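S.K.:
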Amino acid sequence: MTGSPDVDDALRTAFEGEWARVVATLIRVTGDWDVAEEAAAGAFERAATTWARDGVPRNPGAWLTTSARNLALDRLRRRGVERGKVQEWLTMEAFEGRMRGPDDPADIVGARAAEPDWDDRLRLVFTCAHPALPMDARVALTLRAVGGLETGEIARAFFVPEATMAQRIVRAKRRIRDTGIPYRVPPPEQWAARLDGVLATLYLIANEGYLASSGDRLQRLDLAAEAIRLARLVVGLVPDDSEARALLAMLLLQHARSSVRADASGDLVPLDEQDRSSWDAAEIAEGLALLEASGPGSTTERGPYRLQAEIQAEHARAETPAETDWAAIAARYDELATLGHSPFVELSRAIAHGFAEGPRVALAALTELEASGSLRGYHLLPAAQADFLRRAGDASAAAARYREAIALAPTDPERRYLERRLANLTGA
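The opening position of the sequence shown corresponds to residue 1 in full-length UniProt numbering, with each subsequent residue numbered one higher.
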């Protein structure tokens with residue numbers, strides 16, 4: 001950072017608002033992922049120095065776009081690309097009016113025949129979701145390009161070593177280049193083959209926004225908002241797909257709580273302590289409507305996003321923590337567990353059954369999950385054990401688990417929250 005709070009804030013805001021926009025446009029214009037990412041990163045590095053010296057420009061996004069364009073131009077020239085071709089690619093006309101596509105789903109559907117009007121970030125998501133790429137590579141590459149996440153952050157989201165994730169991203173970029181995967185939103189007949197990857201990508205982008213994998217912030221609301229924006233566009237493309245609608249519903253219902261998930265210091269406020277009157281009523285209403293209304297010809301299968309949206313809906317409908325229907329939530333997690341093994345689902349399932357049936361039920365399930373080793377090193381497992389041990393009256397064992405969770409916590413807000421829980425328990 002620059003040492004100037006105003007400049008640092010401007011850089012953070014600009015990164016959240018402009019990174020994906022600049023990278024996606026550079027990829028479209030140059031066709032080179034590495035040049036796009038290097039030029040965008042270089043533009044932000046220049047901004048840190050220049051803005052600290054000259055002040056933050058009136059239009060930071062335009063400044064960054066111009067800087068990234070010039071850096072991309074330099075890199076392509078050094079690679080020996082013909083000068084005239086480079087200038088043709090990187091004229092400002094290629095950028096102006098292309099940084100955003102239509103936001104309204106109706107406009108998106110109407111834009112099918114006019115490929116240049118597509119949103120560059122939507123193009124990027126569909127390119128990353130190409131079926132020629134392994135699913136984990138699709139999601140990781142999109143988190144890098146659209147979310148601006150560092151490789152280490154993506155690795156933590158996937159629970160794999162950073163070196164492994166770096167190799168996946170490099171291989172995915174190479175395959176896109178070598179197989180000539182086009183950078184575009186595919187024609188409608190190909191959407192079904194891409195949809196699972198697109199939805200999985202948006203889901204993980206939103207997860208990183210909802211609970212950051214590292215750093216000094218609990219949430220990255222820019223990523224959560226971007227996931228919602230892109231999910232709206234996808235629903236506009238496939239309005240009769242129940243899972244696309246359910247994903248958007250889930251994201252809205254989850255995002256409705258974002259303003260009160262952290263206190264004034266940025267620290268975690270758990271669900272049962274949140275001011276529910278401050279939840280976003282409009283987002284809740286829209287999310288519930290997406291679940292409850294069936295469009296013409298819509299499918300009704302209860303897939304993973306539908307079930308998770310129904311879980312979020314149970315929380316949204318409860319006016320107080322005591323009114324939460326934990327039995328219904330536990331039943332949804334039971335159903336979700338039948339769709340495929342996920343240790344994260346099993347963790348949430350154990351917690352839900354604990355609230356529905358008592359702490360001993362949760363602790364038995366959590367002990368079994370711990371023995372499997374599938375969540376070794378994941379802080380929320382000992383955190384959940386600590387909470388249910390506290391509720392069961394075993395303060396000593398709870399304190400030990402809190403200390404374990406504190407040592408593993410990846411973000412400062414979560415660590416401070418767990419430290420407060422431990423202090424309240426021990427009186428320290």
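Glycine residues also receive a C-beta, built at the ideal position from the N, C-alpha and C atoms.
Everything numeric in this text was worked out from a predicted model, so none of it was measured.
To the nearest angstrom, how far is it from the Cα of Leu339 to the Cα of Arg349?
M.R.: 13 Å
S.K.: For the alpha helix (DSSP H) containing Gln254, list its first residue and its last residue.
M.R.: 242-255
S.K.: Distance, Cα to Cα, Arg46 vs Asp74?
M.R.: 14 Å
S.K.: Which residues in the same chain as Leu199 place their Cβ atom closer than 7 Å to its Cβ, once the five residues preceding and following it in sequence are excluded?
M.R.: Glu243, Ala244, Leu247, Tyr305
S.K.: Give me, in chain order, the residues of the same chain whose beta-carbon lies closer than 6 Å to that of Gly287; leave out the 5 immediate sequence neighbours on both sides.
M.R.: Within the same chain, Cβ atoms closer than 6 Å to the Cβ of Gly287 are found at Ala249, Leu252, Leu253, the five residues on either side in sequence being excluded.
S.K.: Could you tell me the alpha carbon to alpha carbon distance between Arg53 and Glu283, rounded to whole angstroms?
M.R.: 41 Å
S.K.: Under 7 Å Cβ to Cβ from Thr201, same chain only, skipping five residues before and after it: list those, please.
M.R.: Val125, Cys128, Ala129, Arg138, Val139, Thr142
S.K.: With distance defined between alpha-carbon atoms, name the residue in Ala316, Gln308, Met135, Ala322 nearest to Ala337.
M.R.: Put simply, of Ala316, Gln308, Met135, Ala322 the residue whose alpha carbon is nearest the alpha carbon of Ala337 is Gln308.
S.K.: Buried or exposed: Tyr417, going by 16 or more other Cβ atoms within 10 Å of its Cβ?
M.R.: buried
S.K.: Indicate the three-state DSSP secondary structure (helix, strand or coil) for Leu268 in the structure shown.
M.R.: Note: Leu268 maps to strand in three-state DSSP.
S.K.: Does Ala293 come out as helix, strand or coil in the three-state DSSP assignment?
M.R.: Coil at Ala293, not helix or strand.
S.K.: When you compare each of Gly266, Leu195, Arg391, Ile181 to Leu221 by their alpha carbons, which one comes out closest?
M.R.: Gly266
S.K.: Exposed or buried, what is Asp120 when buried is set at 16 or more other beta-carbons lying within 10 Å of its beta-carbon?
M.R.: buried
S.K.: Using CA coordinates, which residue listed in Arg229, Leu71, Asp136 is at the minimum distance from Val170?
M.R.: Asp136
S.K.: Can you tell me the Cα-Cα spacing of Ala318 and Gly180, whole angstroms?
M.R.: 50 Å
S.K.: Would you grab the beta carbon distance between Asp325 and Glu314 for me? Rounded to a whole angstrom, and I think it's under 8 Å.
M.R.: 5 Å
S.K.: In the DSSP output, which residue or residues are listed as bridge partners for Thr411?
M.R.: Gly215
S.K.: By the three-class DSSP mapping on this structure, what secondary structure does Ala262 have?
M.R.: strand
S.K.: Whole angstroms is fine: what's the gap from Thr367's alpha carbon to Asp334's?
M.R.: 18 Å
S.K.: Residue range of the alpha helix (DSSP H) that Arg220 falls in?
M.R.: That residue, Arg220, is in no alpha helix (DSSP H); it is neither H nor E in DSSP.
S.K.: Report the three-state DSSP secondary structure of Gln190 (helix, strand or coil).
M.R.: Judged by DSSP in its simplified three-state form, Gln190 adopts helix.
S.K.: With burial defined as no fewer than 16 other Cβ atoms inside 10 Å of the residue's Cβ, what is the status of Asp387: buried or exposed?
M.R.: buried
S.K.: Quick check: the Cα distance between Phe15 and Ala405, rounded to an integer number of angstroms?
M.R.: Rounded to whole angstroms, Phe15 to Ala405 spans 31 Å at the Cα level.
S.K.: What do you reckon, are the CB atoms on Ala24 and Arg123 nearer than 8 Å?
M.R.: Yes, they are a contact pair.
S.K.: In terms of alpha-carbon separation, which member of Arg194, Ser259, Pro188, Val146 lies closest to Ile205?
M.R.: Minimum Cα distance to Ile205 is reached at Val146.
S.K.: Under 7 Å Cβ to Cβ from Ala193, same chain only, skipping five residues before and after it: list those, please.
M.R.: Pro131
S.K.: On the three-pair Cβ rule with 8 Å, is the stretch 3-14 touching the stretch 212-221?
M.R.: no
S.K.: Can you tell me the Cα-Cα spacing of Gln167 and Glu292, whole angstroms?
M.R.: CA-CA distance, Gln167 to Glu292, rounds to 43 Å.
S.K.: Determine the closest residue to Leu389 out of Asp34, Tyr402, Asp240, Arg175, with distance taken between C-alpha atoms.
M.R.: Tyr402
S.K.: Taking 7 Å as the line, does the beta carbon of Ala62 fall inside it for any heavy atom of the ligand SAH?
M.R.: Looking at this structure, you won't find the ligand SAH or any other ligand, since it has none at all.
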